[in-house]
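Asker: Please see the structure below; I have some questions.
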Amino acid sequence: MDKEQNVEHFLSLIRKAKRGHLKIYIGMIAGVGKTYRMLREAHDLLTAGVDVQVGYAETHGRVDTAAKLEGLPVIPRKKLFYKGKEVEEMDLQAILQIHPEVVIVDELAHTNIEGCVNEKRWQDVLDLLDAGINVITAVNIQHIESLNGEVQDISGIEVKERVPDSVLGQADEVVNIDLTAEELISRLKAGKIYKPDKIELALRNFFKSENILQLRELALKEVALRVEKKVENEVVENIGLRHERFLACISSQEKTPRKLIRKVARLATHYNSKFVVLHVQTRHESADRIPLAKQRYLINHFKLASELGGEVLQIQSDDIIGTIINVCRERQISTVCVGKPNIQLFSYVRSALRYKRLLNNLAILNVDLIILGS
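Position in the sequence shown (first residue = 1) + 37 = this note's numbering.
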């Protein structure tokens, strides 16, 4: 798509609704050129006579990116004092008051400091959309909530700042900024991404060639998935096809439930469907007996499920298998996702009988079973 077509396409989207339209540039890693592309598009829109302004752009000291800011209207940042230092944040109230037709908002996953209207910048973006302002923003895939575990497996790094998948689900356009591993490493070595003293460290860590290849594949799949879902939302559902509904059965452990929740969220997104997260609370985990740490884990799991667009069910029962079966029947679940059972030798027979009961009943209900390792 050339420049003129790109601008015209976005303009046509703007005119269709009163609520602001959202365009997200997705990158596989820092330095692929997301901010540069947003600013280049801002110039194209400005040339086309659109009231476009820069609400927040982070150049990271990159010369080419900083040059693209020249000639664009920039809304001044808000200055706040945090821990004795002056810090600049995007001025949400100023943008709402100025009310440009289109605003550029970089660093979608950014956490605002205390004193800002919202905790997260993606919440600022939702406020702008609700006010009828069209937003162009950017994010790297490591910040997408449901991909967080996969990125951690690839890079060994847990990214703390994350954006719920539901925000991406609201995007009218999702664009992948793609570079080959060779092109990205060349940019890094040429000093176009980080300062010279950080280049070697980056090459030994996040910017390993094998990491980049896997992250690139994730980014391409994510954008393809978002485009596919948007198409499905705009097409009448085919009659006669099985409607997929997913169930994650979680415990009060720390790590495996997060994997289960993210797995069913990804499946639900892929099939344009819904998912449920179930925790069966036995008498051993009643409110007066459950350890505080496990209670915190459960609260965090429920929060994650809600952020990813799932429904949370907590049912009190000592019959875990029977409860799962009942939920499958009542909610017309098509696929159940459970953690790998931790079967001790002394309870092997009892555990095996439980799973045999589960498998037999799921087979009768025509429900698929996915078992994830810890």
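Cβ atoms here follow ideal geometry from the backbone N, Cα and C, with glycine treated the same way. Computed from a predicted model, the values in this text were never measured in an experiment.
Which residue wins for smallest C-alpha separation from Asn171, given the options Glu156, Pro137, Leu184 and Gly186?
Answerer: It is Pro137.
Asker: What is the rounded straight-line gap between the Cα of Ala330 and the Cα of Leu395?
Answerer: Answer to the nearest angstrom: the Cα atoms are 29 Å apart.
Asker: In the structure shown, what three-state DSSP assignment does Asp164 receive?
Answerer: Asp164 falls in the helix class under three-state DSSP.
Asker: Is it buried or exposed, Lys292, if we count other Cβ atoms within 10 angstroms and call 16 or more buried?
Answerer: Its Cβ having fewer than 16 others within 10 Å, Lys292 is exposed.
Asker: If I measure Cβ to Cβ from Glu407 and keep anything under 6 Å in the same chain, skipping five residues before and after, which residues do I get?
Answerer: Reading off the sequence, residue 407 comes out as Ile, not Glu. Excluding residues within five positions, the ones whose Cβ falls inside 6 Å are Cys374.
Asker: Can you tell me where the beta strand (DSSP E) holding Gly64 begins and where it ends?
Answerer: Looking at the DSSP string, the run of the beta strand (DSSP E) that includes Gly64 is Leu59 to Gly64.
Asker: Within the segment 53-116, note down every full alpha helix (DSSP H) run reaching 4 residues or more, in order along the chain.
Answerer: For the segment 53-116, whole alpha helix (DSSP H) runs of length 4 or above, ordered along the chain, are 71-84 and 100-106.
Asker: Give the straight-line distance between the Cα atoms of Leu240 and Asn248, rounded to the nearest whole angstrom.
Answerer: Whole-angstrom Cα-Cα distance: 10 Å.
Asker: From Leu278 to Ser371, what does the alpha carbon distance come to, in whole angstroms?
Answerer: Note on Leu278: pLDDT 48, under 50, position unreliable in the model; the coordinate value appears next. Computed Cα separation, rounded: 12 Å.
Asker: For Glu219, which of Asp202, Gln290, Leu250 and Lys340 has the nearest alpha-carbon?
Answerer: Taking only the C-alpha atoms, the option nearest Glu219 is Leu250.
Asker: How many Å lie between Thr306 and Phe283 at the Cα?
Answerer: Taking the straight line joining both Cα atoms gives about 11 Å.
Asker: Report the partner residues of Leu284 according to the DSSP bridge assignment.
Answerer: Bridge partners of Leu284: Val313 and Val373.
Asker: Please classify Glu348 as buried or exposed, where buried requires at least 16 other C-beta atoms within 10 Å of its C-beta.
Answerer: Answer is exposed; the Cβ neighbour count stays below 16.
Asker: Run the CB neighbour count on Lys71, radius 10 Å, all protein chains shown included, and call it buried at 16 or more, exposed below.
Answerer: So Lys71 counts as buried.
Asker: In three-state terms, what does DSSP make of Ile408?
Answerer: Residue state, collapsed to three classes: strand.
Asker: In the structure shown, what three-state DSSP assignment does Asn155 receive?
Answerer: Three-state result, Asn155: coil.
Asker: Whole angstroms are fine: how far does the CA of Arg326 sit from the CA of Arg253?
Answerer: Looking at the two C-alpha atoms, the distance is approximately 46 Å.
Asker: Starting from Lys226, follow its DSSP beta bridges and name the residues at the other end.
Answerer: None; Lys226 has no bridge partner.
Asker: Taking only three categories from DSSP, how would you classify Ala146?
Answerer: Of the three classes helix, strand and coil, the one that applies to Ala146 here is coil, per DSSP.
Asker: Take the Cβ of Lys235 as the centre, count every other Cβ of all protein chains shown within 10 Å, and call the residue buried at 16 or more, exposed below.
Answerer: Lys235 comes out exposed.
Asker: Once DSSP output is grouped into helix, strand and coil, what is the label at Tyr231?
Answerer: Looking at Tyr231 - three-state DSSP - the assignment turns out to be coil, as it is neither helix nor strand.
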